[in-house]
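Heads up, the thing below is written out as structure tokens.
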Amino acid sequence: MVASATGKKTFALTPEQLEQFHRDGYVVVRQFLNPDEVATIRDTFMEMNKNGPVEGLSEMRRGKSEAYDSSDPLRFYPRMMQPHSHPDKPVGPLASQYMLHPRLHGILRDLFDDEPLAVQSMFYFKPPGARGQDLHQDDFYLRTKPGNCMAAWMAIDDADEENGGMVCVPGTSDYDVVCPEKSDPTRFFTTEHVEPPPGTKPVPCNLKAGDVLFFNGRVIHGSYPNTSKTRFRRALICHYVPEHSTELSQGYRFPTRFDGATINIPAAVGGGPCGTLHVPSSPH
């Protein structure tokens, strides 16, 4: 983070941060969002969800079955998918603003060595007692070719091991996209699990509210349950692909440039939603 001639904070990665990203596959930019921005994002999404899930925005169902049983904290606070595509709701313009924020543009361009295109926004509430999302690779879902997608994971609360903060497996950015195993539904709300390669293990990425974690779409990452009694672990998450992508999963294939223009990328084979929900075997 540096100060511009106008005195405003601008964001560019240092050589050390770029070295870490190329080595580990991820890097944290501290204090990317200021406290007022964090509060605005937090309060707008909480107000949107004050009466529970929002039809067409919150991820509530898979097919005809409930995705969360009655005892699950995520039943009231499921993640919101693609909020930027809902301009009629308060969260829509806000999500779009931060998904295409000029401060992100230069960082993503450096990480891709190409122009970034925005393909997805999500908001995770992760209230106390909520399950985590097991270890996975984002490009299993986005199917970016050539290259990989990129995530900008914006912490809206302090996120650590107690409240189910992010973990990443360093050095897996060159790991092939693999076919996942089944996760443990008592600990994780999505079904996929990717086992880290021998000799590697997940490392906590402890964040403060306002920090942003950038990571390569091949990096194995996830989070464990929120074991705190009172602390949310909210996050605004956006995904990007390089402009010269030639294939992209069907659900993401009309990405947006930072100038607001939408383009068309041919559909890849496979891919799907970012994490398939476990469905209870019977209603509760």
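In this note's numbering, the protein residues as written are 31 to 314.
The beta-carbon is built from N, C-alpha and C at its ideal position, and this holds for glycine as well.
Computed from a predicted structure; not experimentally measured.
Review point. Tell me, which residues are paired with residue 222 by DSSP?
Key: DSSP lists 212 as the bridge partner or partners of residue 222.
Review point. Three-state secondary structure (DSSP) at residue 95?
Key: No answer about residue 95 holds up, because its pLDDT of 40 lies below 50 and its placement is not dependable.
Practice item. Could you tell me whether the region 211–222 touches the region 125–145, using the rule of 3 or more Cβ pairs below 8 Å? Key: Taking a cut-off of 8 Å for Cβ pairs, the region 211–222 and the region 125–145 do not touch, as fewer than three such pairs fall below it.
Review point. Are residue 167 and residue 107 close, meaning C-beta to C-beta below 9 Å?
Key: Not in contact: residue 167 and residue 107 (Cβ atoms no closer than 9 Å).
**Study point:** C-beta contact flag for residue 268 and residue 181 at 9 Å
**Key:** Closer than 9 Å, so yes.
Review point. Nearest CA to the CA of residue 248: which residue from 56, 42, 43?
Key: Checking every option, the nearest Cα to that of residue 248 belongs to 56.
Point to revise | Start and end residues, beta strand (DSSP E) containing residue 244 | key: The continuous beta strand (DSSP E) containing residue 244 extends over residues 242–246.
Point to revise | For residue 268, the residue or residues it bridges with in DSSP | key: 151, 182, per the DSSP bridge assignment.
Point to revise | Identified DSSP bridge partners for residue 317 | key: Missing from the structure shown is residue 317; the chain here goes from 31 to 314 and no further.
Check your understanding: Helix or strand or just coil, what does DSSP make of residue 125?
Key -> Here residue 125 sits in helix by DSSP.
Check your understanding: Measuring from the CB of residue 186, is there a heavy atom of the ligand GDP at a distance below 8 Å?
Key -> In the structure shown, the ligand GDP is absent, as is every other ligand, since no ligand is present at all.
Exercise for review: Taking only the alpha-carbon atoms, compute the straight-line gap between residue 260 and residue 159 and give it to the nearest angstrom.
Suggested key: Computed Cα separation, rounded: 9 Å.
Check your understanding: Quick one, which of 228, 203, 149 has its alpha-carbon nearest residue 282's?
Key -> With distances taken between Cα atoms, residue 282 lies closest to 149.
Review point. Do the region 103–118 and the region 80–88 meet, that is, are 3 or more Cβ pairs less than 8 Å apart?
Key: Counting C-beta pairs with one atom in each stretch, the region 103–118 and the region 80–88 have three or more that are closer than 8 Å, which means they touch.
Check your understanding: Looking only at its own chain, which residues have a Cβ that is under 7 Å from the Cβ of residue 218, when we skip the five neighbours before and after it?
Key -> In chain order, 161, 162, 163, 164 place their CB closer than 7 Å to the CB of residue 218, counting only its own chain and leaving out the 5 sequence neighbours on each side.
Review point. Under 9 Å between the Cβ atoms of residue 71 and residue 266?
Key: Yes. Within cutoff.
Exercise for review: Tell me whether the beta-carbon of residue 263 lies closer than 9 Å to the beta-carbon of residue 275.
Suggested key: At a Cβ-Cβ threshold of 9 Å, residue 263 and residue 275 do not count as neighbours.
**Study point:** Neighbourhood of residue 58 by C-beta distance below 6 Å, restricted to the same chain and skipping five residues each side
**Key:** Cβ neighbours of residue 58 within its own chain (closer than 6 Å, five residues either side excluded): 241, 243.
Practice item. Measuring alpha carbon to alpha carbon, tell me which of 122, 135, 272, 239 ends up nearest residue 42. Key: Comparing alpha carbon positions, the residue from 122, 135, 272, 239 closest to residue 42 is 135.
Exercise for review: Output the distance between the C-alpha atoms of residue 258 and residue 245, rounded to the nearest integer angstrom.
Suggested key: In a straight line, the C-alpha of residue 258 is about 26 Å away from that of residue 245.
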